[in-house]
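I have placed the structure first, in the form of structure tokens, so that the comments after it can refer back to it.
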Amino acid sequence: MQVTLTEAEDQLCQLLDNATRWLGKERPDLPPVELRIAGGWVRDKLLGLESHDLDIAVNSMTGYEFAQQLAAYQQHIGQPVKSIAKIASNPERSKHLETATSVVLGLSLDFVHLRCEEYQEHSRIPNSVTFGTPTQDAYRRDITINTLFYNVHRREVEDFTDMGLRDLQEGIVRTPLAPYETFMDDPLRVLRCIRFATRFQFRIDADVYECMSDSSIKMALQKKISRERIGVEVGKMLQGKHNTLCTCLPACMH
């Protein structure tokens, strides 16, 4: 399993690598910046599928801050710059990260920092979302096949949970942490597990499947997640070629 870049993706990785080198020279006071493409793009590439879901994970500054620095580098080299949109976090609705979006070299990008969270006792709303390591960030994601990173500097896939590549090869939908912890972090992940199992015809891990029916998980899904987010996720399910697994959706919702 290997990642084969399109010409535009290869140019993007080179641009991102050059931008971090330039930033290191222009701002030696800042910590070194390391960039990775995260999640869905890596998964799809390893499966031989085209992907337009490009999330750029930043290690030492916010996604919005790096998007601004990238725009400055593009201006420096005379490259056209598109506008940058900032999307605020909403922890009460399980959206814990501020993100930034822009179009670079014709590709739509989301920029976000690697995260580590600290929680209040008896609450799944984090006290704080701070900068984390790639390993910490990977374990906070929804399922193992979405924890993979592509390092744009070394041009290699990174599997910090040591489960992502194996589960991708074996066709398993599994959470990187205990299912209850992963689902309470963001209950929408219940629906995402169903969607990815349906899309790729993968098997849902037995512990994950059992946890989907937990009454507290169902309640959290109904109370914490907006109808809009649920509607978007269900819509993505119904767009797929295979939707037989969606028959378990009512059991997760009621």
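Per full-length UniProt numbering, the very first residue in the sequence shown carries number 1; after that it's consecutive.
Every residue, glycine too, gets a C-beta built ideally from N, C-alpha and C.
A quick note: this is a predicted structure, and the numbers were derived from the prediction, not measured.
| Item | Value |
| --- | --- |
| Are there three or more Cβ pairs, one per stretch, closer than 8 Å when the stretch 18-32 is compared with the stretch 132-145? | no |
| In terms of residues, what are the limits of the alpha helix (DSSP H) holding residue 270? | Within the shown structure, residues of the chain are numbered from 1 to 254, placing residue 270 beyond reach of any answer. |
| Below 8 Å on the Cβ atoms is my guess for His153 versus Glu34; work out the distance and round it to an integer in Å. | 7 Å |
| Please say whether Leu107 and Leu54 have beta carbons closer to each other than 7 Å? | yes |
| At which residues does the beta strand (DSSP E) containing Thr99 begin and terminate? | Thr99 to Val104 |
| In angstroms, rounded to a whole number, what distance separates the CA positions of Ser123 and Pro134? | Note that Ser123 scores a pLDDT of 48, beneath 50, so its modelled location is shaky and nothing firm can be said. |
| Ignore the nearest five residues each way along the sequence and tell me which others in Arg93's own chain have a CB closer than 8 Å to its CB. | Unreliable placement is indicated for Arg93, whose pLDDT of 46 sits below 50; the coordinate value is still reported in the next sentence. Once the five neighbours on either side are set aside, the close Cβ partners of Arg93 are Lys224, Ile225, Ser226 and Arg229. |
| Just to confirm, are Asp167 and Thr144 a CB contact at a threshold of 7 Å? | yes |
| Among all the DSSP beta bridges, which residues are the ones paired with Val58? | Leu35 and His113 |
| With a cut-off of 8 Å on the beta carbons, I'd call Asp214 and Tyr180 a contact; round off their distance for me. | 7 Å |
| So, Val190 versus Phe183, is the Cβ gap smaller than 7 Å? | yes |
| Could you tell me the distance, in whole angstroms, from the CA atom of Thr4 to the CA atom of Leu16? | 17 Å |
| On the DSSP bridge list, what partners appear for Ser108? | Val103 |
| For a test of the three-state rule: what should DSSP assign to Arg203, helix, strand or coil? | strand |
| Inspect the beta-carbon positions of residue 313 and Gly39 and report whether they are closer than 7 Å. | Any property of residue 313 remains undetermined from this structure, which presents the chain solely from 1 to 254. |
| Given this structure, state the Cα-to-Cα distance separating Glu7 from Ser51, to the nearest angstrom. | 13 Å |
| When DSSP builds the beta bridges, which residues end up paired with Lys236? | According to DSSP, which records beta bridges pairwise, Lys236 is partnered with nothing at all. |
| Drop a sphere of 10 angstroms on the beta-carbon of Gly235, count the other beta-carbons inside from all chains shown, and report buried for 16 or more, exposed for fewer. | exposed |
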